[in-house]
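Visitor: Listed in order, the protein sequences are those of chains A and B. Just so we're aligned, residue 58 is where the first sequence starts under the numbering used here, counting upward by one. Just so we're aligned, residue 9 is where the second sequence starts under the numbering used here, counting upward by one. Glycine is no exception: its CB is placed at the ideal position from the N, C-alpha and C atoms. What follows is a single structure, and I will ask about it in a moment.
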Amino acid sequence: MIGKGKVGCQRGRQVADITAIHGVTRPLIHVRSVRRKLDIIQSNPSAHGGRGALPSEGGSPSDLLFLAGGERMMLRIKRVPTVVSNYQKDEGEDAARRGGGCGRNCLQKCCIPGAKLPLYTFKRAEEIPGDKCVLEHDDNQAPVAFLDSLLLGQWEDRMQRGLFRYDVTACETKVIPGRCGFMAQLNEGRHLKKRPTEFRVDKVLQPFDGNKFNFTKVGQEEVLFQFDASEDGEVHFFPDAPVDADSSPSVVAINVSPIEYGHVLLIPRILECLPQRIDRESFLLALYMAIEAGNPYFRLGYNSLGAFATINHLHFQAYYLAVPFPIEKAPTRKVTTLGDGVKISELFDYPVRGLVFEGGNTLQDLSNAVSDACIFLQDNNIPHNVLIADCGKRIFLLPQCYAEKQALGEVSSELLDTQVNPAVWEISGHMVLKRKKDYEEASEENAWRLLAEVSLSEERFEEVKALIFEACSYTLSEKEDEHLTQGAGDDKPPLEGTGSINKGRNCNMVSGTQECLVLQ
Amino acid sequence: MEPPQLGLIEQSFNSRYSNWAREALDELPDNFTITDPCISGHPIVFASRGFLKMSGYSRDQVVGRNGRMFQGPNTCRRSVMEIREAIREERGVEISLLNYRKDGTPFWMLFRMAPVFGKDEGRVIHFVAVQVPILRRRQRRRNGEGLCGEILSNSCRREVCSSSSVELAGVSAADSDCRVQAMEGSVWQHVDNYVFPKDCKPLDGFQLISFLQFALVLFTSLEIEEKCEASDTEKQLAATAISNVLSVLTHYSESTGRLVCEKRFGPSLVSSSLHISLGRIKQSFVLVDPHLPDIPIVYASDAFLRMTGYARNEVLGQNCRFLTGVDTDPSALHQIKQSIQAQQACSVRILHYRKDKSSFWNLLHISPVRNATGKIAYFVGVQIEEGSVDRHGLSPEMRQLSVVGSIKVAVRSSSMSYSIH
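This is how it looks when you write it as structure tokens:
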């Protein structure tokens, strides 16, 4: 059932190729300690819930990477990337097209001048927040909010124009019986029978690569509307607004391989070509979108690199599903409340360990608490997923390690065969299955088992949790501090100091440096 | 959005239960509300005297509004979600919930809700919700004495060691909450009252501040954020109250001939949860079922009824042809029929007639709608009167498509659960 568990063995083995996983060679030396900022700490040697020992019982593969000083030991997996745009081609084809005008309506310099797209500008709710849903519609049940209508209408329009690869509503779906309510969908059309591409999974921060597919290459017909803050504090809609490159617009585009109805991509400041990593401004934009839609069944998700994001161009995903997600139903235990009112809890009785953020004196407080935690994780090379639920009132942050396990051959072939890549939606309890057999046999037990593989072990989660808290409470004394957390949209190489977090609070933490803590 | 007209609210109640029902309900001492999920907005149609007293509102301020008006910043979102899901699934729920009175003060109560089914319709026509305030074990909460006693006895004794209460009093955190300062006296008294071992070392400043912060956090968190469990007595009260209300309603529905009961009876046109989801959509549309003979209407929105002038019971179960009249172009009808057979979407401009025989040009859009099985469950027809303008500037086509989208989500999602049929 669980991977090839070997506790505390010698590290001289070659990891076998399992369903196209790139092999990794590891040296004979087993480093028994985790190197952190000039401080060698004896790590605990406990097995990680019996799921197979990663060298992180002693050192992480990235530590080995660091010590060995070389790139040749990076962790990679191969998978067929999901096609999210009709213009997403194989690497080879893409390169061939690079030269010359593209001859169609994309979002690059060739086609942007003169381009027009609908524009929705939202009102920034600066003050007491998250109750926007409550305050605005306090007399009666919220009617379908305008943004909701706009998005659904535009999406249906693209459906009728045949822009999607398949009709997702024709895919059978069900709630799996059980107390958790996992959802399963049989979707044979989503995955392509194409050759798999290699993805590096040990680096959460990777620089943007213009040669690879990115969202400026999508067709304008795949873009539903521009989404930005309004200048005058009122909501506005312009059915036909020019795309102003100088104003760095953010857009909402369709995902041509939808998981559910209304599956879209929110791409903050698309023309700036930001790599897939969280910054405060972008996260806040995503939160505003959740609030504006005003629909608790419209959720936004984020996958970091290494946590099954396939495109290294900053984007969030969203779709509609009017049933509660298992993760939303999971009980939580309060952990702390920050000085700015943000309440942090942790999930329990759920296969994946994670944190829940709620409250906050203002929306910015909540947004920043989550972004800062994400920035910390990405700076420390911990892959993670984020789910924005309940109209932006509850945000789930889930560090994960499945890709690393997969690269190291620690995942059972049974699970690999389902080809479920546990990204944010899967972790939240919504599984898309490509084989009828898996769909028919889907059970709460299977789903739980798969997700349990994704989770950090208890020890590791506790470590990461403690470090995140330091990162979040850091914002309390931000005013006194010179260091700012990572600014928005700059192209600084990821390794440069960001949010240096050691503030003399008895923590021996790593600031964003080469020490990669890709541990289980 | 304007609140549903008072007329609708009144009718929700009066059409079901005889006049004596209100009196009988008013005689019950319990706190409860009755809501109607079939009116858009799922408003309260009746609130008991006890409820109004508990919440501090007057009847006018409550009837016609949705229950979320009593929620606030510290209301647990998960609990709200549980209630929402129970409504969608047409079942009861019992959960403790933090609500807010009119004056803004929060209070914990045990919320217990039960569905009331219409015997003929076979679906939920009302929800009854009972609220039992959860009392603290110690009454003297304001000065914190009782609660602090609890805190200290349960947690702090081992951590706190001090040679004198004066020392403690002097070190109250400078920026502490005024609530703490208000209760300072009693905290310190309590600390003093506990016996500390004689050989205890005095706390250093840092430890003291930690303790105070700890106590403060505990106090405020117990005050508001901790999940509050109802006692057995309180649960019993809730059960009795629900039972009382349901008895009254069942009894007084007999004389109107429109019986209600506690359990569902027979098949329904569309499930209650789908009904509620569709109620959020403000435009004119109908759902028809292509699997039933003569493809009848199984759902009609309020806006459709307003546009055509018909009452709901006049259209449900009927084929849409009643909208056509002498000057309706047969080829438009033919196009519609063909699209339905081909299971495709189509848009037609067709002349339709209202109940009062006046005609209007209808920009009609029809689309198949699938449910969770992936198969077509309904066709939706969205009507837009030619010449009407949307305040947001959306074209008629776009408006219609957004209705289609909302309906597709609603139908697909509501049929996913194995428990709903």
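By the DSSP assignment, the alpha helix (DSSP H) with CYS354 (chain B) in it spans what residues?
Guide: Looking at the DSSP string, CYS354 (chain B) is not in any alpha helix (DSSP H); the run it does join, the beta strand (DSSP E), is 354 to 361.
Visitor: Just how far apart, CA to CA, sit LYS146 (chain A) and GLY416 (chain A)?
Guide: Roughly 42 Å separates the two Cα atoms.
Visitor: So for ARG492 (chain A), helix, strand or coil by DSSP?
Guide: If DSSP states are grouped into helix, strand and coil, ARG492 (chain A) belongs with coil.
Visitor: Going by the CB atoms, is the gap between CYS328 (chain B) and VAL306 (chain B) shorter than 8 Å?
Guide: No; because the gap between Cβ atoms is not below 8 Å, this pair is not in contact.
Visitor: Per DSSP, which residues does SER104 (chain B) bridge with? Please list them.
Guide: Answer is B:LEU118.
Visitor: Going by C-alpha distance, which of A:GLU498, A:ASN360, A:PRO175 and A:LEU508 is nearest SER486 (chain A)?
Guide: The identity of residue 486 (chain A) in the sequence shown is Gly, whereas the question assumes Ser. Of the listed residues, the one whose Cα sits closest to GLY486 (chain A) is A:LEU508.
Visitor: What are the boundary residues of the alpha helix (DSSP H) that includes LYS462 (chain A)?
Guide: Taken as a continuous stretch (DSSP letters only), the alpha helix (DSSP H) holding LYS462 (chain A) covers 459 to 464.
Visitor: If we call anything under 8 Å between Cβ atoms a contact, is PHE78 (chain B) one with SER56 (chain B)?
Guide: Contact flag unset, no.
Visitor: Mind pulling the chain B residues with CB within less than 7 Å of GLN217 (chain A)?
Guide: Those are ALA353, listed as they occur along chain B.
Visitor: Check whether the Cβ atoms of PRO306 (chain A) and ILE327 (chain A) lie closer than 8 Å to each other.
Guide: It is a contact, given that the beta carbons lie within the stated cut-off.
Visitor: Thinking just about the alpha-carbon of each residue, which of B:GLY72, B:ARG67 and B:LEU118 is nearest to the one in VAL88 (chain B)?
Guide: When only C-alpha atoms are compared, the closest one is B:LEU118.
Visitor: In whole angstroms, what separates the C-alpha of VAL261 (chain A) from that of MET131 (chain A)?
Guide: The alpha-carbon atoms of VAL261 (chain A) and MET131 (chain A) are separated by roughly 12 Å.
Visitor: In whole angstroms, what separates the C-alpha of LEU378 (chain A) from that of VAL388 (chain B)?
Guide: Approximately 19 Å between the Cα atoms of the pair.
Visitor: With contact counted as at least three CB pairs below 8 Å, one residue from each stretch, are the region 352 to 367 of chain A and the region 469 to 486 of chain A in contact?
Guide: Because the criterion of three Cβ pairs below 8 Å is met, the region 352 to 367 of chain A and the region 469 to 486 of chain A touch.
Visitor: Nearest chain A C-beta to SER410 (chain B) closer than 8 Å, yes or no?
Guide: Yes - at least one Cβ of chain A is within 8 Å of the one on SER410 (chain B).
Visitor: For TRP482 (chain A), decide whether its Cβ has a neighbour in chain B, counting only Cβ atoms nearer than 8 Å.
Guide: So no, TRP482 (chain A) is outside the interface.
Visitor: To the nearest whole angstrom, what separates the beta carbons of PHE125 (chain B) and PRO45 (chain B), a pair I think is in contact under 8 Å?
Guide: In fact, because the Cβ distance is near 11 Å, the residues do not count as touching under 8 Å.
Visitor: Give the range of the beta strand (DSSP E) segment to which PRO26 (chain A) is assigned.
Guide: Residue 26 (chain A) lies beyond the range of chain A shown here (58 to 577); nothing can be said about it.
Visitor: Using only CA atoms, which one of B:GLN352, B:THR248, B:ASP240 and B:VAL334 lies nearest to LYS365 (chain B)?
Guide: Looking at the Cα atoms, B:VAL334 is the closest of the given residues.
Visitor: My understanding is that ASN271 (chain A) touches CYS330 (chain A), with C-beta atoms under 8 Å, so please give their C-beta distance in whole angstroms.
Guide: 6 Å between Cβ atoms; contact.
Visitor: Hey, would you say ASN438 (chain A) sits closer than 8 Å to GLN457 (chain A), going by beta carbons?
Guide: No, Cβ-Cβ distance for ASN438 (chain A) and GLN457 (chain A) is not below 8 Å.
Visitor: Contact criterion: CB-CB distance below 8 Å. Does THR264 (chain B) meet it with respect to chain A?
Guide: False, the Cβ-Cβ gap to chain A never drops below 8 Å.
Visitor: From the beta carbon of CYS529 (chain A), is the nearest beta carbon of chain B less than 8 Å away?
Guide: By this cut-off, CYS529 (chain A) is not an interface position.
Visitor: For ASN39 (chain B), count the other beta carbons within 10 Å of its own beta carbon; 16 or more makes it buried, fewer makes it exposed. Which is it?
Guide: Counting Cβ neighbours within 10 Å, ASN39 (chain B) comes out buried, since at least 16 surround it.
Visitor: For HIS283 (chain B) and GLN69 (chain B), I'd like the C-alpha separation in whole angstroms.
Guide: Cα-Cα distance, rounded: 26 Å.
Visitor: Which two residues bound the contiguous beta strand (DSSP E) that contains LEU277 (chain B)?
Guide: Per DSSP, LEU277 (chain B) belongs to no beta strand (DSSP E) and is neither H nor E.
Visitor: Please tell me whether LYS61 (chain B) has its Cβ less than 8 Å away from any Cβ of chain A.
Guide: No, LYS61 (chain B) lies away from the interface with chain A (no Cβ there is under 8 Å from its Cβ).
Visitor: Pairing CB atoms from the region 446 to 464 of chain A with CB atoms from the region 406 to 415 of chain A, are three or more of them under 8 Å?
Guide: In short, these stretches touch, since the Cβ pair count reaches three.
Visitor: Quick one, are the C-beta atoms of VAL268 (chain B) and LEU33 (chain B) less than 8 Å apart?
Guide: No, Cβ-Cβ distance for VAL268 (chain B) and LEU33 (chain B) is not below 8 Å.
Visitor: What would DSSP say about GLU255 (chain A), mapped onto helix, strand or coil?
Guide: Strand.
Visitor: Is the shortest distance between the beta-carbon of PRO383 (chain A) and the beta-carbons of chain B less than 8 Å?
Guide: With 8 Å as the cut-off, PRO383 (chain A) does not count as an interface residue toward chain B.
Visitor: Let me check one thing: in DSSP terms, what residues is VAL140 (chain B) bridge-paired to?
Guide: Its beta-bridge partners are B:LEU118.
Visitor: Kindly list the residues whose CB is nearer than 6 Å to the CB of LEU341 (chain A), restricted to its own chain and excluding five residues on each side of it in sequence; keep chain order.
Guide: SER424, listed in sequence order.
Visitor: For a quick check, are the C-beta atoms of GLY238 (chain A) and VAL417 (chain B) less than 8 Å apart?
Guide: No, the Cβ-Cβ distance between GLY238 (chain A) and VAL417 (chain B) is not below 8 Å.
Visitor: CB-CB under 7 Å to SER285 (chain B), same chain, minus the five flanking residues each way: which ones, in chain order?
Guide: Excluding residues within five positions, the ones whose Cβ falls inside 7 Å are ALA418 and SER422.
Visitor: Establish whether the CB of ALA227 (chain A) and some CB of chain B are separated by less than 8 Å.
Guide: Judged by the 8 Å Cβ criterion, ALA227 (chain A) is in contact with chain B.
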